[in-house]
């Protein structure tokens, strides 16, 4: 390109005026929330919220106990301290892991805008920073440069633009000739946009829009849309929190009613001593508040957080960088995945799919001739600095030819350097071919090599009788061309001719004037589908997840890719595809009727995918979006889970919740498996936790109506409700994912996290525990037990309905026995929870669950230590060794009954 430009450009005064009038060429940055605010957001979790209420109540009770009953000491504050510890630990773990992920993300997503561009100002060429560009600036761009702003082309020579960041198109021809405009293109053929890049050729363009007003900027602004859509887990925990609150308040109310009925029905309290009644009423209210505190599952937020954190860390090993914890679980609830094509389903690298060459008499000459043609009649290069695979520098189509040579173990560069070029006609979109005249070391002659659109190249290869100069007939080539084009592939034709005189002029007015070339053959070039994609798509579809491709490509290419990955089959027709233009013309109501059938959207514009996501969400879909381009950012942000690619644009990664580091669609299937397994682990813990809480609350409630106190002290409940549950949360959260969850259908978005089988198990097992433990209290009250060996089954049942006031009360040893039996019943029930929805024995694969077994051992040892050394603080006394043996073995009946139920078929996977 000549340096004698006739464009004057802006003057310094005009630059200042346009800067003030149209703004700067910078994007408004998304302001990150301060750390303190990010931490406080963790307290918005519904279960954390009711824990905070429970903390206030518990602290009030402790203050009352401390100041009224002064003999109890500071130990009365252990309950609120424990709840506070649970809150801070759960929120702190979530905050820590998200902060750590964000730091990794920042390293991954560093962007440098300090790039200089050649600009014509004051009738001279100068260099300025990207951010200093203003509207009406005249910019000069060369191959490999990124377009810094939106603008209209003034000149374009063989210009090809990579628009994949905006439209998904890796190669778009641009021109200033109206006759060559592609009117179906996403953006006008004489218009280029910020964020795209020059793949081939060069141009001069005049800036029309800068900064936030560019197409790139509009998409970037679209990233900042409202992301208040709650994840399914958020919604389900909201519902669970509300249900627990209502039930706990109902039980607390019943406790007050029951104790008042007991008080007024006792003849001793007639007439009423209002001073005594005031103290009794205050104590009753304290018990009721204690019920509310006990009903709140302190371990649940810990379980959820630990499960999410464990999955977050483990998913990193499968190349899923999770930025938002809840995204781990939400992937398991996904019902629809909206994916782009280029770079996600395909490799975003042009490669030769197949070659169809002439059969020469001398195969050695044939091989050398083809290699020389590809190597010298090209302007592309390969960069071998990456040891894993060479990178194409220049035109990706020409690069595909060089990659093919490299795979054939042929060094293109040594051929190019050994072959002197006499003259060359470079490729242009107008000509659609390239010609190079060389001194060939292969044939020791001067040869003209031509490559380009096969239909055009064949016109140069006609004999005098209009026959194709080739050993393969033209109809055969045309059949192959039709086959390749039906598969949405790019085709290149090759030809050559021996030139007697190296001074022969090969072109005039930019057009080849040499005819009678020999047609070598054709190559079919495609952006191949990633090898893992078809299997990953099949896995997701068999898991009940809909897949929808949204791409800027042509309908033919989009459908062909869908066919190659197994998404488009013989049953598909027009109802399964829609173009971007038709998509935009339909109303939301009309589109909603078509959503379930749609599989492919072609020629999509940047905000089409975001609209699709919003419509799917209105139909209660849980949507995951994959993408690597700036055009994908609004949809990534709008979806419940945004999945960006590791080599995607910074805007796409900023908008996403998970970054797929290896760009592999199969990693998405792994994320779904982890998400479903994680949700199942949370359900297992809820099953375990609520069984304990139901038992504790009902025992307190029964005690209120019978006029007796619960045999479990506040500090003992602290151990059961906090420490043991925390360990159980660790045990159940660390269970490895199961591939079998991929055979399930996605759960309903509005479904309750506590399913009907779970409710049956909670109240069934809980009811059994309540009956057994109530009978145990009655037995201990009316019998003096010094060892569990003194236990009599006959006396147990005879005392079950003995509600007389003549009782011995519970001795410290009996209280310790009751406490330990209560804990061990829950311990064995944890093994039943592990087997929930597997339909298998809890011992299946148990040896590989070393984390679970280790924590189970800690729970037993911890209970023995607490009972042996807890003393006054935990209201316990050491138990005999034989009693421990009997308790551990005897309470294991809970596990064996669960095993028997599973053998009979109860607790199998829900359909």
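Residue numbers (the working numbering): 1174 to 2084. By construction, the Cβ of each residue, glycine as well, lies at the ideal position given by its N, Cα and C atoms.
Asked, Found
"Between which two residues does the alpha helix (DSSP H) harbouring residue 1188 extend?", "1185–1195"
"Along the chain, which unbroken stretches of the alpha helix (DSSP H) at least 4 residues long are found entirely within the region 1808–1888?", "1823–1828 and 1839–1879"
"Would the beta-carbon of residue 1873 fall within 7 Å of that of residue 1464?", "yes"
"Starting from the C-beta of residue 1922, find all residues in its chain whose C-beta is less than 6 Å away, skip the five residues before and the five after it, and write them out in chain order.", "1405, 1793 and 1795"
"Which partner residues does residue 1511 have in the DSSP bridge list?", "1721 and 1798"
"Using only alpha-carbon positions, find the residue among 1756, 2041 and 1800 that is nearest to residue 1785.", "1756"
"Among residues of its own chain, excluding the 5 on either side of residue 1427, which ones have a beta-carbon nearer than 7 Å to its beta-carbon?", "1874"
"Terminal residues of the continuous beta strand (DSSP E) containing residue 1376?", "1370–1382"
"Classify residue 1699 as helix, strand or coil using the three-state DSSP reduction.", "strand"
"When you compare the region 1306–1313 with the region 1354–1361, are there three or more beta-carbon pairs, one atom per stretch, that lie closer than 8 Å?", "no"
"Between residue 1523 and residue 1569, which are expected to be in contact by the criterion C-beta below 8 Å, what is the C-beta distance as a whole number of angstroms?", "4 Å"
"I believe residue 2067 touches residue 2002 by the beta-carbon criterion, under 8 Å. Please report the beta-carbon distance rounded to the nearest angstrom.", "5 Å"
"Mind checking residue 1783: buried by the 16 CB within 10 Å criterion, or exposed?", "buried"
"Check whether the region 1944–1962 and the region 1991–2008 touch, using three or more Cβ-Cβ pairs below 8 Å as the test.", "yes"
"Quick one: grab the DSSP three-state call for residue 2018.", "coil"
"What's the gap between the Cα of residue 1688 and the Cα of residue 1765?", "57 Å"
"On the three-pair Cβ rule with 8 Å, is the region 1510–1519 touching the region 1714–1723?", "yes"
"State the CB to CB distance for the pair residue 2027 and residue 2039, rounded to an integer number of angstroms; the pair is presumed to be in contact (CB under 8 Å).", "That belief does not hold up - the Cβ atoms of residue 2027 and residue 2039 are roughly 18 Å apart, past 8 Å."
"Tell me whether residue 1323 sits in a helix, a strand or coil according to DSSP, three-state version.", "strand"
"Going by C-alpha to C-alpha distance, which of 1373, 1302, 1353 and 2042 sits closest to residue 1336?", "1373"
"Could you check what DSSP says for residue 1285 in three-state terms: helix, strand or coil?", "Confidence is the limiting factor: at residue 1285 the pLDDT is only 44, short of 50, which leaves the residue's position unreliable and the question unanswerable from this model."
"Run the CB neighbour count on residue 1870, radius 10 Å, all protein chains shown included, and call it buried at 16 or more, exposed below.", "buried"
"Write down the C-beta distance between residue 1901 and residue 1936 rounded to the nearest angstrom, noting that I regard them as a contact closer than 8 Å.", "Contact doesn't hold; Cβ gap of about 19 Å is too wide."
"Name the two residues that bound the continuous beta strand (DSSP E) containing residue 1746.", "Segment: none, residue 1746 is in no beta strand (DSSP E) and carries neither H nor E."
"Considering residue 1625, what are the terminal residues of the alpha helix (DSSP H) in which it resides?", "Segment 1618–1625 is the beta strand (DSSP E) holding residue 1625; no alpha helix (DSSP H) there."
"Taking 8 Å as the cut-off, does the region 1696–1714 touch the region 1760–1774 (at least 3 CB pairs, one atom from each stretch)?", "no"
"Quick one: measure Cβ to Cβ for residue 1195 and residue 1383, integer angstroms, because I've assumed they're closer than 8 Å.", "6 Å"
"Just the Cα atoms here: how many angstroms apart are residue 2073 and residue 1865?", "22 Å"
"If I'm right that residue 1843 touches residue 1491 with Cβ under 8 Å, what's the distance once you round it to whole angstroms?", "5 Å"
"Determine the extent of the beta strand (DSSP E) in which residue 1495 is found, giving its start and end residues.", "1493–1495"
"Terminal residues of the continuous beta strand (DSSP E) containing residue 1687?", "Run containing residue 1687: none; DSSP gives neither H nor E here."
"Please list, in chain order, all residues of the same chain as residue 1318 whose beta carbon is under 8 Å from its beta carbon, the five residues on each side excluded.", "1290, 1370 and 1371"
"Would you mind working out which of 1916, 1498 and 1327 sits nearest residue 2096, comparing C-alpha positions?", "In the structure displayed, the chain extends from 1174 to 2084; residue 2096 sits before or after that span and is not available."
"Mind checking which residues open and close the alpha helix (DSSP H) that includes residue 1553?", "Neither: residue 1553 is in no alpha helix (DSSP H) and is coded neither H nor E."
"If residue 1605 and residue 1625 are in contact, beta carbons under 8 Å, what's the gap, nearest whole angstrom?", "5 Å"
"Less than 6 Å between C-beta atoms, sequence neighbours within five positions excluded: which residues of the same chain meet that for residue 1294?", "1182 and 1183"
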